Structure formats: structure tokens, C-alpha cells
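Peer 1: Quick one: this structure, given as C-alpha cells, is what I'll be asking you about.
Residue numbers (the UniProt record's numbering): 1 to 700.
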């Protein structure tokens, strides 16, 4: 198969200053949770993308100085010789496949707390970023930068750029976005200065201009110099000589960097979840940039469709197709387009589990791609699995995300696979969840796997097949894998923040009831202590059908955990649009069919709410009946030649879809191996070189 001619423009080489990218696929800087403490994990993660055809592969935020310390959130550093050696693993890996390596040099300014270095944060005017996310909160307010501070940061940027060149990077970034230091100079809310760095847009741009200039002086003959800049807020500010201050900023810097990497200002808009935002959502904000500069422009928009990519280029919106989340979901996306295999693209579903990984401080994980972050740790490749030399006949019961992934990976390994599900269609929980507001893209988890399974001659699919212990023993497979999912319970929640006894009433519902088509009477109360998307999205779903709904949670916010996936403000806006009253910090104590009794989580003060039905979105428990039935018949299993009965996904431990897919993949990689539960390899920092950074000098 060959590239569709209409996509050939995506594979044109592109100049970025003194270097040339082999194509227009550009993995923009993104957080991976892989710091200098995990250099081999990081290198292998990035190498997979280079192997998959991405022409430029960039790091995430890489601190230029201990005054930019984001701990405990993961960040990379470019401070000393150890860091050079750690990053060189990544650049060497990327270069092996002909791609360019870029480094996002970064100073966090007032948005970091310097918890480890204990240096005062820096900002143009001492204005802090008053974050509502507990992971970003801190009590140390920033220092107002004087001219010496500005000179020091410029020196650190230049020195970090030289270290980056030594480490083998081809593109070096200046970062002026997302609330970090360069961005703080650009926005009047942060920048109250009355010297040459404050006031007019020309003055507010000065610091960013000088950062670019010192970077070009340091490495410009050898490396492309990129400016990453957020434009959303500035686009909303009228300019004096241009439609907006964003236009004026680009005009003022038009000829200086070798590439503009343009983005939005806040995470909920910059990398918005598919539940609220479609593909290419940045275009209305960044569409003007190419009209004001001759330098190449890269931007993002959760691009998965090659037609959308080509449209952006031909219409003059972008020169490079930026990818962060799509490059995680499918590191081989470019190669699949080049080889005419668009149907095999593992499309990003926009769930933002990858972003939650950074908030959790762990290596990136992905719902669609269970190998993300596991390339070095477990030796998993996103496209290849090791073929078995002893094929077995394996029955998988349950065709949800875990079962589908397990079947696909076992099939690719060469086993004979039977995948059975009691429903007419495969998909498990997603059969219902894909119908809920904004979640249709999530069914890509099913579409990708079912599409590949349908092409495999060694995999047999059996819908509408109800299997009990007797039927499984009669089939006599070599191994059995149970992926029968989990069920929602009607348990309540205690002031100790643990599930307690059931709320037994005919008008008490769980999400399983809604999925089964049983609709509650209104007015109704949704009690949510699951804290992820389900409570909020079901509230939207029911309100859209005209049922009066109130939302109650013991957490401080609706769908509280979605702060980790950048969805929290959008969840609250969605509930407000539906005119749903939201009550936080309250427990549901009882319900008699007409009134629900609530109690404040901390004070115990009780209130009453009139309602005719209650939906509890809380504890999920595995559907373990089939596993119990089989394990009680060990002799019959042995007589039938069944060597093992395993559980995966929600049947093993209920979680997000990402957990289910990873669980299915892990078992499929390990099944039949001599060591079933071998641990992953532990990475270690590189400390062979003597650190050349003097903290006393930095403090001075």
C-alpha cells in the first residue's frame, strides 16, 4: 500500500532555521511524567514516535534553573552534565530514525512553588498564580524581578541552550505560554512594571525577545530556535495597530524565531477533552499567525484525521501538524498515513487520561495505547508483539475494552482466540457510555480493536453467547480469560469517606439501570461519590430528557477528579447550562420515596431535599460469579485440560477504561510465560558525571 496522493503534502521536508525536518508531523512538547530520573523510559517513549514517522520529537518542560522547580509535579532539567547525558539518550534514540529532537527550555516563573529548591519564585511584578488545583497550591509568593534577576534568567537560558546543543538537540525552545515566566511578562495582569519591560505591548514583549536573542546567539548556527507562545488571552485584547495584541506580538517578533509554536493559555482550552471540544479547536485563535510571518508555524488540535491535517496546511493555518495526545495514542500515525493504512490509526479518544498522569506525577498512560510509558519498562512496542512458539487455544469471556485488547494482543502473538460476549455487539461498558453527552469519540477504543480483530483468521468472535461454567468446561480451551466487567452498587458513603450499607428502595437507581433503559421519575437526585465523569455525564443525560435533576456530592466540586483531566470547569459549565443545582460536601443519608436526607460531610448538619428518585453513582464491584463457579470446579477444569483461569479489567479490579485496556494487554503479553508476574524494569538517574551546577551561585 502507498500514500494517498492527497496526503503527500504531509511528507514534504521543512526547514526550521539551520535544520530540516523530514516531514510535517511534529510531536510538540508535552508532559510525559518522565523526568531526568527516568532517562531510559523517556528515551524509549520518544523513540517509538520517531520510529513511527514523527519528523520532530520534543521533550516536555525542561527547567533552565533551580528557580524553576515544579516539584512534586514531574519536570525535566538542563542544569548540569548529568542532565546532558540523560537527555543524550533521547536525542540519540530519535536520531536513529531520522527525526529531529527538540527541547522545551522552560522557566515557570510565578506558577511554580520551588518546593525543592526553596528559592523564591520569580515574576515580573510579584503577582502569584492563585491556583485552585491542590497540586499547584503553595504559600510562598513570588519575588518581583529586578534587572539583575532578568539578566540571570537570560544567562541561564543561554547556558541551558548550549547544554541542549551538547546533548544533541536540533531545536531549542523559548517558552512564553501557559502561565509561565515569558507569558507573565506578556500579560498586564501579571506585569505591572513601569520600566522598559512593562506597559505597552512593545515593552511587554521585550523579555521574550531577549530570551530568543540570547538563545539564537548561543546555538542559532547549529539549532533551530522555536518560540512557544499562548495567544488566547492576547487574541481577546484589542490592539492599537492590529486587530488584537496577539497580532501585534507576532508582528513584533515575526522575523526572530525560526518557528512559531502557537497554543492556548489554559489547560482546559489548550488540551480540552473530546467530551467538550472537537478536532481542530485552536484554529479560531491561531489562524492569523501565518499571515504575519514567513517563518513556519506549528499548532495542535487533537488531529487524527489526515484530511483535517491537509486542510490546515492548504488553507494556510499551519505548516506543521502538531501532535501531543494523538502521538501518544498512536506513535505510528504518520507511517500509517504514508503507507495507506489510515484505517489502522489508533485514534486518540480525547479522554485526557494522559494529562492526569502528569498531575499524578507518573509516566504517561493512555487509554488507547497500553504500551505508552512501557516501551523500556516492560519491553512493549506499540505495533509489534513477540510471537509465541507454543500457540494455545484461549477463550475470552467478555468483549469490553479489556477483552478486546486481550484478544487482539493474543491474536497478534499467534494464539487461537475465541472471544465471546452475551450481548449482540461488542464493547462492554462503552456500548452504553458512547451514547452519553460528548462520549461518542470514546468508542474508538472498540472500533480500532474490533476492526483489527475482524481481519484476523486466528480469532473467532461470538456475540450473543452466554457461557456458564458447564459450557466453558465443555469447550475445553487451554486457557480461560474472564472479562465480565463490574456492576454499580447502591451503597452509600460515610463521613469516613468509605462506602457503607445499601440504600434499598424501589426508586433507587444505579448507572446500570439507566444503561438498561430504566428511567427514573423526576424530580431526582444524583448522588455522586465516584468523582470521575459518570455522575456528571449521567446528570447531563437525564436533564437533557427533561427530568428535573439535582446533583449532590461529598466532594468539593462536581465530578471532582476531572480536575486531573482538565475537564472540571467544563463539567460545571455543562451542568449550569442544564440548570442543574449542585450541592457539594454533602452525604446522602436516607431516602423514603419523597424526600432525601442529606448531611454535611464535616458538620453533620442535616437538610432535606424533595425528590421521587435517587441515582447513586459510587462503588463498583466485579462481576465475579463466573470466576467463583469455575474455581470451585478445579477437578473438572483439570480434566478438560484448562490450564488457567484469569481475570482482567473490571473483573479483576474496577477502574477507568485505561486500566482495563492495560490489564488486558498485560495478561496477553504474559500468558503462557514461565514467569507470569515479572516486575517491570526500574529506571535510575544518570549520575556518572560530576554536577557542575553550584547552588550557592544560583542563590546569589
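Idealized CB from N, CA, C, for every residue including glycine. Note that this is a predicted model, so its numbers are computed, not measured.
Count the other C-beta atoms from every protein chain shown that fall within 10 angstroms of the C-beta of residue 44, then say buried if there are 16 or more, exposed otherwise.
Peer 2: The residue is buried, with at least 16 neighbouring Cβ atoms inside 10 Å.
Peer 1: What's the gap between the Cα of residue 580 and the Cα of residue 550?
Peer 2: Near 6 Å, if we compare the C-alpha coordinates of residue 550 and residue 580.
Peer 1: Return the bridge partner residues of residue 271 from the DSSP annotation.
Peer 2: DSSP lists no partner for residue 271.
Peer 1: Using CA atoms only, rank isn't needed, just tell me which of 397, 274, 223 is closest to residue 444.
Peer 2: Here the closest residue by C-alpha is 274.
Peer 1: Might you give, ordered along the chain, the residues of its own chain that have their beta carbon closer than 7 Å to the beta carbon of residue 7, omitting 5 neighbours on each side?
Peer 2: So the list reads 306, 310, 337, once near-sequence residues are dropped.
Peer 1: I want to see whether chain D comes within less than 8 Å of residue 67, judged by CB atoms only; does it?
Peer 2: The chain labelled as chain D is not found in the depicted structure, where only one protein chain is given.
Peer 1: Keeping to the same chain, check which residues put their C-beta closer than 8 Å to that of residue 106; ignore five residues upstream and five downstream.
Peer 2: Taken in chain order, the residues that qualify are 61, 62, 63, 64, 68, 75, 173, 175, 180.
Peer 1: Going by alpha carbons, who is nearest to residue 242 out of 232, 292, 283, 270?
Peer 2: Ranking 232, 292, 283, 270 by Cα distance to residue 242 puts 292 first.
Peer 1: Do you know how far the Cα of residue 144 is from the Cα of residue 302?
Peer 2: Near 37 Å, if we compare the C-alpha coordinates of residue 144 and residue 302.
Peer 1: What does the Cβ neighbour count give for residue 368, buried or exposed, with the cut at 16 atoms within 10 Å?
Peer 2: Buried, because 16 or more other Cβ atoms sit within 10 Å of the Cβ of residue 368.
Peer 1: How would you call residue 545, buried or exposed, if buried means at least 16 neighbouring beta carbons within 10 angstroms?
Peer 2: It counts as exposed.
Peer 1: Which same chain residues, not among the five before or five after residue 321, have their C-beta less than 8 Å away from its C-beta?
Peer 2: So the list reads 10, 24, 25, 26, 298, 303, 309, 312, 313, once near-sequence residues are dropped.
Peer 1: What residue range is occupied by the uninterrupted alpha helix (DSSP H) comprising residue 448?
Peer 2: Looking at the DSSP string, the run of the alpha helix (DSSP H) that includes residue 448 is 444–453.
Peer 1: My assumption, with CB atoms under 8 Å, is that residue 77 sits in contact with residue 36. Please give the rounded CB distance.
Peer 2: Residue 77 to residue 36, Cβ: 6 Å. Contact.
Peer 1: Taking 8 Å as the threshold (C-beta atoms), are residue 571 and residue 583 in contact?
Peer 2: Taking 8 Å as the Cβ cut-off, residue 583 and residue 571 do not qualify as a contacting pair.
Peer 1: For residue 330, is the classification buried or exposed, using 16 other Cβ atoms within 10 angstroms of its Cβ as the cut-off for buried?
Peer 2: Counting Cβ neighbours within 10 Å, residue 330 comes out buried, since at least 16 surround it.
Peer 1: Across which residues does DSSP place residue 705 in a beta bridge pair?
Peer 2: Residue 705 falls outside the range modelled here, since the chain spans only 1 to 700, and no answer is possible.
Peer 1: Tell whether a beta-carbon distance below 8 Å holds between residue 385 and residue 669.
Peer 2: The answer is yes: Cβ separation under 8 Å.
Peer 1: Find the nearest neighbour of residue 673 within the set 388, 316, 507, judged by alpha-carbon distance.
Peer 2: Minimum Cα distance to residue 673 is reached at 388.
Peer 1: Residue 356 lies in the alpha helix (DSSP H); which residues open and close that run?
Peer 2: It spans 353–360 - the alpha helix (DSSP H) in which residue 356 sits, taken as one unbroken run.
Peer 1: Please name the residue in 652, 160, 199 whose C-alpha comes closest to that of residue 215.
Peer 2: Considering only alpha carbons, the answer is 160.
Peer 1: Less than 8 Å between the beta carbons of residue 102 and residue 156, yes or no?
Peer 2: No, the pair does not count as a contact, with Cβ atoms beyond the cut-off.
Peer 1: Which residues share a DSSP beta bridge with residue 595?
Peer 2: DSSP output for residue 595 lists 610 as bridge partner(s).
Peer 1: Per the contact definition of three or more C-beta pairs closer than 8 Å, is the segment 621–639 in contact with the segment 456–465?
Peer 2: Because the criterion of three Cβ pairs below 8 Å is not met, the segment 456–465 and the segment 621–639 do not touch.
Peer 1: Count the other CB atoms, across all protein chains shown, that sit within 10 Å of the CB of residue 233; report buried if there are 16 or more and exposed otherwise.
Peer 2: So residue 233 counts as buried.
Peer 1: Closest by CA to residue 519, which one among 530, 506, 528?
Peer 2: The shortest C-alpha separation from residue 519 is found at 506.
Peer 1: Taking the CB atoms as reference points, tell me whether residue 361 and residue 73 lie closer together than 8 Å.
Peer 2: Cβ distance < 8 Å, so residue 361 and residue 73 count as in contact.
Peer 1: Whole angstroms is fine: what's the gap from residue 699's alpha carbon to residue 149's?
Peer 2: Because residue 699 sits at a pLDDT of 42, beneath the cut-off of 50, its placement in the model cannot be relied upon, and the following sentence gives the value as read from the coordinates. Cα to Cα, residue 699 sits roughly 11 Å from residue 149.
Peer 1: Name the residue from 643, 644, 622 whose alpha carbon lies nearest to the alpha carbon of residue 652.
Peer 2: Residue 652 has its Cα closest to that of 622, out of 643, 644, 622.
Peer 1: Assuming residue 622 is part of the beta strand (DSSP E), what are its boundary residues?
Peer 2: Counting along the chain, the beta strand (DSSP E) containing residue 622 begins and ends at 620–622.
Peer 1: Can you tell which of 400, 164, 48, 158 has the C-alpha that lies nearest to the C-alpha of residue 81?
Peer 2: Checked all of 400, 164, 48, 158; the closest Cα to residue 81 is 164.
Peer 1: Residue 420: which of 278, 428, 575 sits nearest, CA to CA?
Peer 2: Here the closest residue by C-alpha is 428.
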